[in-house]
Each structure stands twice: as C-alpha cells, then as structure tokens.
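Student:
Residue numbers (my numbering): 105 to 300.
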C-alpha cells in the first residue's frame, strides 16, 4: 500500500490558516476481472468466470434488496466486514422551528406544533435517498492482517488556497519523490487506472 505526504500551507475556504501535514492513500482501481481472479485464487472451487458473473450482477441484486428495506452485510467468516444500505434523510437537512414555519405557516407556531405536524412537515420537505457503504472494524483488521507493507510514495507541497474575487480558488503544489524504496513513478498521488 502506498501513501503521499502533503505539506499544506493553509486553506481560506476551510478556515485553516496554519500549516499542516496530512497523509492520503495512493490507490489504483482494479477491474472486476482482477477481483474475480483473486476470488478464484482464494477458493479454487469458484471458477473465475463464475466469480466475474457474480460481480457483474452484484450491484443490481443488492439495489433490489436495498429498495425493499434490507441492508446487505458482506462477511469474512462470521465477522461483518462491509455494510450496504439505503441512507434516508430530510431533504435540505433537519427541520427546525423556522423551517417548519416556512413549510406550514398556518399551522406551526411553536415547537409543540412542529412535533404535532411532523409527518406533514417531512412530507412537504421531502426526503433524500442514497446508497451508502460502511466498512466495519473487522475489515480494517483483515486488511492489516494480510501482511502487505505501507510505503511512502512522495511528498507533495500544497500552496495556500486563497479566496479570489471571482469566487474560485488559487493554489498549486510541488512534488518531492521519496529518497529510497517504496516509491513510484506517478507524482501527485491518487491513481485511477485499471489494473487487471
């Protein structure tokens, strides 16, 4: 596993005026074929073509079950590793008294009124639904247990991000490759190529 070190000069948009050091992973995306091959290595009774077919249909099958109100839990043995579910919230954020008065000015004057009309208020505001995935602690433990090393790829100096009159931002950075092993040839970090 690889990571880059970032020397940050500050970010006015985030209200950060001090210099900070952060670290982010440098990853590449693998194809379904590569993952299917790895599944076949883990269990030779599962042909690579079968594993690939399962992976190609996984998202649609999971979405069908999630739309019925189920969470999908992927396990490593008996340990929950990854949880997929439909994440539902009030559109635009929580409804407070001011928002409730905007939505139902004729019926809501107090917090008691707001609670009394909670169902109507949520109906008027609407809800948002998004698919969400959460990695459980056991997945992190599994990742750390497989014995792969963690190596620095490079050091990136980020210029201070400042507000501009046009509403955009200005900033940049320079890359310092690591001295010694564990590096790579992709300065700037964050790969997105497919590996198979």
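We put the beta carbon where it would ideally sit given N, CA and C, even for glycine.
Start and end of the beta strand (DSSP E) containing residue 84?
Tutor: Past the boundaries of the shown model lies residue 84; the chain is included only from 105 to 300, so the question cannot be answered.
Student: Helix, strand or coil for residue 136 per DSSP?
Tutor: helix
Student: Taking the straight line between their C-alpha atoms, what separation do you get for residue 209 and residue 196?
Tutor: Roughly 18 Å separates the two Cα atoms.
Student: Which value, in whole angstroms, describes the spacing of the CA atoms of residue 233 and residue 166?
Tutor: 15 Å
Student: Since residue 235 and residue 188 are thought to touch, with beta carbons under 8 Å apart, how far apart are those beta carbons, to the nearest angstrom?
Tutor: The beta-carbon distance between residue 235 and residue 188, rounded to whole angstroms, is 7 Å. This is short enough to meet the 8 Å contact definition.
Student: With residue 235 as the anchor, note down where its beta strand (DSSP E) starts and where it stops.
Tutor: Residues 231-239.
Student: Taking only three categories from DSSP, how would you classify residue 258?
Tutor: strand
Student: DSSP on residue 108, reduced to helix/strand/coil?
Tutor: It is a strand residue.
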